[in-house]
Amino acid sequence: AQKKQAPAAPVSLGICGIDRVPAVPVPLLARFVDMTAPEAVSWLAECNDGDVAKLRILLRGTLSQSVAARSHAIPPQARDLGWALVDLLLLAGEGAVANAGGGGGSLGFHDSLAQTVRGVLGLVLTTLASGATPLSRAWQLVSRTELPTLPEQRALWWPYARVAALFRYSCWDPATLQRNARHLCCDALWRYGVQPRLSGNYNANANANANGGGNNRKPHRQAGAKQPAPGSDDAASRPGFYAPFITAGAATGDSADNNAAATAAMTTTTAAE
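Anchor point for the sequence shown: position 112 equals 112 in full-length UniProt numbering, and the numbering is continuous, going up by one each time.
The structure is reproduced here in structure tokens:
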């Protein structure tokens, strides 16, 4: 008779534990490691689960009372500490992927790397969704019922990009994340590229009309000038007509490199899937 296989050891992860540098042990909860459909989870409710909340509070307290942070008197509930925890968890997950060489090109659901990434992402998403005012809405990337909204500040794109990049190693179905990432990229293109350009053109036309320079009439075409072909767009035939819409990001205040890099990272991630 075959011997009954022993249960797998709990998956855990150490943050910043190298040589003699103190490490923060992070138990990866089985509810996330064994989760098969993150898109069906209400992450706003999941973050308030007893076990999840206790672990998050424990991690916050550990960071707050560490030797490096003790002199700064950072309270465990500080919002910045939440950001630090998210960054450390993502760094740990990214480090696990790097050490495993990206999984060697093929990952199974029960592979240790995929289990580790799922456990890390579960903690990251619940930390982002926790609190009276959630840190970020990046958890919406994996939600089936909610479309993601753009971050309020351009400096807060990094959770979206890093969650999307790490997601591919979780062995979760990427369909929902791909849909939500495309929606987010379209919203970003509209807000940071198209909308500022349209607003600028509208204001310029309004000023011209106010100064008597606008008559809302088509420009007079000189006799003998080449007529456009029927159905053609005369404006679109001019060199560089579409260039301002493509490069508008470089001319607007909200379209910094962070925005372009984040949307490019998510687009590349979804394409790779």
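Glycine included, each C-beta is placed from N, C-alpha and C at the ideal position.
Buried or exposed (CB count within 10 angstroms, at least 16 for buried), residue i
i	result
Asn-211	exposed
Leu-147	exposed
Thr-127	buried
Cys-186	exposed
Pro-239	With a pLDDT of 40 at Pro-239, under the threshold of 50, the modelled position of that residue is not reliable, and the figure given next carries that caveat. When all chains shown are included, Pro-239 counts as exposed.
Ala-159	Looking at the sequence shown, residue 159 is not Ala but Pro. The residue is buried, with at least 16 neighbouring Cβ atoms inside 10 Å.
Ser-71	exposed
Asn-180	buried
7 Å CB neighbourhood of residue i in its chain, flanking five on each side removed
i	result
Asp-51	Leu-29
Tyr-169	Val-97, Gly-103, Leu-107, Leu-113, Ala-114, Val-117
Ser-64	Ile-74, Pro-75, Pro-76, Leu-81
Residue i vs residue j beta-carbon contact at 8 Å
i	j	result
Val-117	Leu-141	no
Leu-59	Leu-91	no
Arg-144	Glu-39	yes
Val-120	Leu-89	yes
Identity of the residue in the options nearest residue i by Cα
i	options	result
Arg-154	Tyr-192, Ala-84, Asn-180, Pro-75	Tyr-192
Trp-172	Thr-62, Leu-55, Ala-78, His-110	His-110
Pro-37	Ala-132, Ala-96, Ala-175	One detail in the question is off: residue 37 reads as Ala in this sequence, not Pro. Checked all of Ala-132, Ala-96, Ala-175; the closest Cα to Ala-37 is Ala-175.
Glu-94	Gln-195, Arg-197, Ala-165	Ala-165
Ala-138	Tyr-169, Gln-77, Leu-177	Leu-177
Ile-57	Asn-99, Leu-156, Ala-73, Ala-78	Ala-78
Ala-161	Met-35, Val-41, Asp-87	Asp-87
Val-24	Thr-133, Leu-125, Ser-199, Leu-55	Leu-55
Chain-order list of residues whose beta-carbon lies under 6 Å from that of residue i (same chain, five-residue window excluded)
i	result
Gly-122	Phe-32
Leu-44	Ala-129
Leu-184	Pro-148
Ser-42	none
Phe-167	Leu-177
Close-in-space but distant-in-sequence residues of the same chain around residue i (CB under 8 Å, 5 per side omitted)
i	result
Trp-83	Leu-135
Ala-53	Cys-47, Ser-130
Gly-61	Pro-76
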